[in-house]
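These notes are about the structure you will find just below.
Numbering (UniProt numbering), first residue to last: 1 to 367.
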């Protein structure tokens, strides 16, 4: 319906100041005019001091937020927004949804529809959305704190991004599962998404197998989540997995997990490569000092001698604990890649490229 612009904006003003407002967005521009901000959003929020009208404007560089008190202050703020030459207004209230578009002739094209459902003013701090709800029985069973919930959520987001779209059936093996809280988290998330999933956790310790099996019985998923005791290389698993997890495997166990996943021809591999213990032990065995005192004279001689020997480079890299740790951490994946690039490993390398997807960046530091 076409209406005079002033009349339509007066209706929008009344809706913005009405207690039933849910949300309003202004954007675009009118013909031949440019607003001072590219977008504005208005919504009621509940703060400690009571309900406020929150106005968020974006100038193209960053958002600016104001919380104004209902009454004259809110009226003045709304009038300032309505004075901007926005080309579109979208207003949602408890009763209706109103869309206003300014035509080339400067008139208002207004469309009104019934609201889907009433809405209460939102809290100022919006609740974070988790892939596995914080109230899930798993967190009660493992005693998860906020940090643990964040870690689980980060892992599940990496899982969801890697295994997409989710298949109807999925067989999962977690190598070096430890306390298995991520094993259970993967099962509960996948089962909650309607996936027919079977999970086997592998750990070298028999006491961990017993503990995790008891936990599976308490959570009511013992028929779907099972645990075996054994090494990563030799553990018996009664199916060929589609997804292999290796999130707690330390030292060279990560390499064993990757090799086992390749032999299984797993379609997905989520691994947190760890650690540099093996490289560190080999470097310590070279007889080189773990710490080297560097004087100004040595520094100048080092800059003068551009053709330093490998032994000298090792000494320099080992001089500082921080540099030493980072160097060892970088050397470990480099050694893995050098091994994979050898001629006998060419077929394994091609298979790994074809069947495994590496997800990085989500694992918390120090894990």
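We put the beta carbon where it would ideally sit given N, CA and C, even for glycine.
Element boundaries [beta strand (DSSP E), containing residue i]
i           : result
residue 110 : 108 to 114
residue 11  : Premise fails: residue 11 lies in the alpha helix (DSSP H), 5 to 16, not in any beta strand (DSSP E).
residue 71  : Counting along the chain, residue 71 falls outside any beta strand (DSSP E), and DSSP gives it neither H nor E.
residue 196 : 196 to 203
residue 62  : It is not in any beta strand (DSSP E) - residue 62 carries neither H nor E in the DSSP assignment.
Residue i, DSSP secondary structure in three states
i           : result
residue 143 : coil
residue 156 : helix
residue 26  : strand
residue 1   : coil
residue 54  : strand
residue 151 : helix
residue 376 : Since the first and last residues shown for the chain are 1 and 367, residue 376 lies out of range.
residue 20  : coil
residue 175 : strand
residue 79  : helix
residue 138 : helix
Short Cβ contact (8 Å threshold) for residue i with residue j
i           : j           : result
residue 233 : residue 206 : no
residue 54  : residue 39  : no
residue 203 : residue 178 : yes
residue 244 : residue 175 : yes
residue 66  : residue 76  : no
residue 132 : residue 153 : yes
residue 170 : residue 242 : yes
residue 163 : residue 264 : no
residue 3   : residue 83  : no
residue 58  : residue 91  : no
residue 190 : residue 270 : no
residue 20  : residue 94  : yes
Same chain only: Cβ atoms within 8 Å of residue i, ignoring 5 sequence neighbours per side
i           : result
residue 29  : 35, 85, 86, 87
residue 187 : 172, 197, 199, 221, 224, 225
The alpha helix (DSSP H) enclosing residue i, as first and last residue numbers
i           : result
residue 255 : 253 to 264
residue 227 : Not the alpha helix (DSSP H): residue 227 falls in the beta strand (DSSP E), residues 225 to 229.
residue 216 : 206 to 218
residue 132 : Taken as a continuous stretch (DSSP letters only), residue 132 belongs to no alpha helix (DSSP H), as it is neither H nor E.
residue 192 : 181 to 192
Beta carbon proximity, residue i to chain B, threshold 8 Å
i           : result
residue 219 : The question asks about chain B, but that chain is absent: this structure has only one protein chain.
Own chain residues within Cβ distance below 7 Å of residue i, not counting five before or after
i           : result
residue 235 : 202, 228
residue 185 : 132, 138, 152, 155, 156
residue 70  : 51, 53
Cut-off 6 Å between Cβ atoms - residues of its own chain near residue i, not counting five sequence neighbours on either side
i           : result
residue 112 : 96, 98
residue 52  : 45, 67
Three or more C-beta pairs under 8 Å: does that hold for the region 225 to 241 against the region 141 to 153? Contact between the region 225 to 241 and the region 141 to 153 is absent, because fewer than three Cβ pairs lie under 8 Å.
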